[in-house]
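Visitor: In this note's numbering, the protein residues as written are 1366 to 1510.
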């Protein structure tokens, strides 16, 4: 294992690059996980509000000062990627009746759970089997896909 690391370090021209690369990518994957957990929490609140026949317009979804609704979250891990997108809840509430919205939000929570399970599975894989390159991006989508 240490022989493989030393070869990798030589390939990257030094350990400083490797250390910075891994730290950056660990931070990215943590931000992606935190973003998904924040969205999941907001969706749970929205589902509870719908079940109580309350408005969901006031439910916010902010992580590290960034509104997550209407943004795509992209995770790249071990050469595979997963994307997640949800439109702003206030807009969704005008486009769907309460029952449709409830089902939609429940499915989005399942999607988040599936992505988080995927991340855990990938992180448990042996680094010898695949390269470690988690990345996280959040992009504003100009229109609904």
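Glycine included, C-beta positions come from ideal geometry on N, C-alpha and C.
Identify the continuous alpha helix (DSSP H) that holds residue 1472 and give its terminal residues.
Guide: Counting from one through the chain shown, the residue named residue 1472 turns up at place 107. Run containing residue 1472: 1463-1489, per the alpha helix (DSSP H) assignment.
Visitor: Within 10 angstroms of the Cβ of residue 1400, are there 16 or more other Cβ atoms? Answer buried if so, exposed if not.
Guide: Taking the chain shown and counting its residues from 1, the one referred to as residue 1400 is at position 35. So residue 1400 counts as buried.
Visitor: Quick check on the burial criterion: 16 or more other C-beta atoms within 10 angstroms. Buried or exposed for residue 1476?
Guide: Looking up residue 1476 in the chain shown gives position 111. Looking at its Cβ environment, which holds 16 or more other Cβ atoms inside 10 Å, residue 1476 is buried.
Visitor: Considering only residues of the same chain and omitting the five flanking positions on each side of residue 1410, which have a CB-CB separation below 6 Å?
Guide: Stepping through the chain shown from its first residue, residue 1410 is reached at position 45. The residues are 1424.
Visitor: Run the proximity test for residue 1490: is its beta-carbon closer than 7 Å to any non-hydrogen atom belonging to the ligand PLP?
Guide: You won't find the ligand PLP in this model; it holds no ligand whatsoever.
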